[in-house]
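Novice:
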């Protein structure tokens, strides 16, 4: 029995041990049917076809940046001063009612010759013409009319410039009428010298503007004549007082705007005065000036009365000076006079800048109030406005003197005459000569040139911006504004060179407005602050999860196709 069991045991365990010792081989997946391969290929191809032929074009169309074509070369040429060199030919009309035409022509030619010898600045020159000469009528503005009047009681020529019109009356003795043989008569020398003096400040301002914009150095196509100075050389030749006056006025004056908002404010630390005859004062002293200035800019006028308007707590208080019998403010403390935190002064009303004029009536306990160093009662705050301290007569009582409750027009006269002068200073008008129309004509010519330079500079900045940032859009509106700007710049330059200064200013104003509009286009400026890194940060989280499976599937199909092609090639 034992032998049988021993023989049976091993024989029964042997198959089981063999199966455990030799594991079965892994079964290969069944071969993929051709229909399944074609179906998978079609699905992947359909996805990629939608991406390539539909998705990508839509994405490209909806995300592409539209950049309108700009005349960059022309814009840079204007900015560099290569296109236009402003000149200022001023027509001076001679009215000679008491001279025969031949004598008048001879005097005019002699005076013109003397002027040309005196003038060393070719960009600004005077052209003399007879008032009855209709050849150039309408082609150029008349800067000044010179009326020659004979007077028997004179021994030497005299002149008088009208205050309300641009006319210079020259009185001369009949004996000084130049004979035909005279080449340099004294009368022509006197007229030429008088005209030179009238336009001295204007010529200096023109030289200052041209020098600041490097106009002459940029225009080297034609050599300057030997007797014509560069603007910088002319500035060095004028008196230091005039140069300082021009620099100070340019620092004080405000930037040109199509519309200015004038705000007249009455401030007092108490309850009196509570009203003023502001309408009559504005109509009498301000409106005529605004009307005369209307060819250059427009104005709106606002007024207000603010009671209990005290000094700022941090501002130095006025001190009583017994030597002058008044309360005084130090010059270095005037900058802190305006209590901007509590006084309702709006920095801007609408689109244009605001010019503030403060009429301050001090408390009776601090009246009269003046500036300590100069005993003045007014001063200008550069590029902001003006202040006038009004010390009205007090209605005295035994115990409590008080300010009047109402300020009539006559009481406002000194303040508003000062405000009109401050307004001209803030607008950049020259200080000489005394004729207001003459000074405004000068300012018109200066404004035309400065606006032309400003618009040209803006065109250059826009051209450099679009070239350095190719990712920003350029809408069609910008291209239209640039085209309008260049067109009006060309017109302004032509009018300026031909002496039509009002037309030049009108075109320069349009050019400046369009240039600013194109440079500060909202859609274009906003794109400047959206770099390409932000686009990657936006697109990557969206396209990553979708793109990876599609790319992997495409690679597998390419790998299978390559393997299939190699297999077919090896069998063949």
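In the UniProt record's numbering, the protein residues as written are 1 to 572. Beta carbons: idealized from backbone N, C-alpha and C, even for Gly. Predicted model only: the values in this text are computed from it and were never measured.
What is the DSSP secondary structure of residue 35, counted as helix, strand or coil?
Specialist: helix
Novice: Is the Cβ-Cβ distance between residue 524 and residue 482 less than 9 Å?
Specialist: no
Novice: Kindly indicate which three-state DSSP category residue 125 falls into: helix, strand or coil?
Specialist: strand
Novice: Can you tell me which of the three DSSP states residue 102 falls into?
Specialist: helix
Novice: Can you round the beta-carbon distance between residue 142 and residue 91 to whole angstroms, since I take them to be within the 8 Å contact cut?
Specialist: The pair is a contact, with the Cβ atoms about 5 Å apart (cut-off 8 Å).
Novice: Any idea if residue 273 is buried or exposed, counting beta-carbon neighbours within 10 angstroms, 16 or more meaning buried?
Specialist: That one is buried.
Novice: Measure the alpha-carbon distance for residue 122 versus residue 89 and round it to whole angstroms.
Specialist: 9 Å
Novice: Tell me which same chain residues have a C-beta within less than 6 Å of the C-beta of residue 119, skipping the five on either side of it?
Specialist: 125
Novice: Per DSSP, what kind of secondary structure is residue 372 in: helix, strand or coil?
Specialist: coil
Novice: What residues in its chain sit with their C-beta under 7 Å from that of residue 598, if we drop five residues either side in the sequence?
Specialist: Given a span of 1 to 572 for the chain in the structure shown, any question on residue 598 remains unanswerable.
Novice: According to DSSP, residue 355 sits in a beta bridge with which residue or residues?
Specialist: Residue 355 pairs with 262.
Novice: Taking only three categories from DSSP, how would you classify residue 380?
Specialist: strand
Novice: Ordered along the chain, which non-local residues of its own chain (more than five positions away) have a Cβ less than 7 Å from that of residue 77?
Specialist: 83
Novice: What would DSSP say about residue 177, mapped onto helix, strand or coil?
Specialist: Here residue 177 sits in coil by DSSP.
Novice: In the DSSP assignment, what are the bridge partners of residue 67?
Specialist: The secondary-structure analysis by DSSP pairs residue 67 across a beta bridge with 474.
Novice: Is the Cβ-Cβ distance between residue 116 and residue 513 less than 9 Å?
Specialist: Not closer than 9 Å, so no.
Novice: With respect to the beta strand (DSSP E) encompassing residue 581, which residues constitute its N-terminal and C-terminal limits?
Specialist: The question about residue 581 has no answer here: the residues shown for the chain are numbered 1 through 572.
Novice: CA-CA distance, residue 564 and residue 547?
Specialist: 26 Å
Novice: Less than 8 Å between the CB atoms is what I'm expecting for residue 147 and residue 170, so what's the real figure, rounded?
Specialist: 7 Å
Novice: Let's see if you can read the secondary structure: which residues bound the beta strand (DSSP E) around residue 328?
Specialist: Note, residue 328: beta strand (DSSP E), 326-329.
Novice: Any idea what DSSP makes of residue 89, helix, strand or coil?
Specialist: Secondary structure of residue 89 (DSSP, three-state): strand.
Novice: Considering only C-alpha positions, which residue in the set 450, 569, 557 and 570 is nearest to residue 38?
Specialist: 557
Novice: With a threshold of 7 Å on Cβ separation, who are the neighbours of residue 517 within its own chain once the five nearest residues in sequence on each side are excluded?
Specialist: 481
Novice: Mind checking which residues open and close the alpha helix (DSSP H) that includes residue 521?
Specialist: It is not in any alpha helix (DSSP H) - residue 521 carries neither H nor E in the DSSP assignment.
Novice: Tell me which same chain residues have a C-beta within less than 6 Å of the C-beta of residue 446, skipping the five on either side of it?
Specialist: 205
Novice: Could you work out which residue in 191, 498, 372 and 441 is closest to residue 166 when comparing CA atoms only?
Specialist: 441
Novice: Looking at the structure shown, is residue 423 part of a helix, part of a strand, or coil, going by DSSP?
Specialist: helix
Novice: Judging by CA-CA distance, which residue of 329, 423, 305 and 183 is the nearest neighbour of residue 287?
Specialist: 423
Novice: To the nearest angstrom, report how far apart residue 203 and residue 210 are at their CA atoms.
Specialist: So the alpha carbons of these two residues sit roughly 11 Å apart.
Novice: Let's see if you can read the secondary structure: which residues bound the beta strand (DSSP E) around residue 143?
Specialist: 142-150
Novice: Compare the C-alpha of residue 265 against each of 385, 292 and 567 and name the closest.
Specialist: 385
Novice: Would you mind sorting residue 467 into buried or exposed? The rule is 16 or more other CB atoms within 10 Å of its CB.
Specialist: exposed
Novice: Between residue 291 and residue 284, what straight-line distance do the alpha-carbon atoms span, to the nearest angstrom?
Specialist: Cα to Cα, the separation comes out at about 12 Å.
Novice: Work out the CA separation of residue 520 and residue 158 for me, nearest whole Å.
Specialist: 54 Å
Novice: Are at least three pairs of beta-carbons, each pair with one atom in the region 364-371 and one in the region 408-424, less than 8 Å apart?
Specialist: no
Novice: Alpha carbon to alpha carbon, what distance is there between residue 439 and residue 608?
Specialist: Outside the shown range of the chain (1 to 572) lies residue 608, about which nothing can therefore be said.
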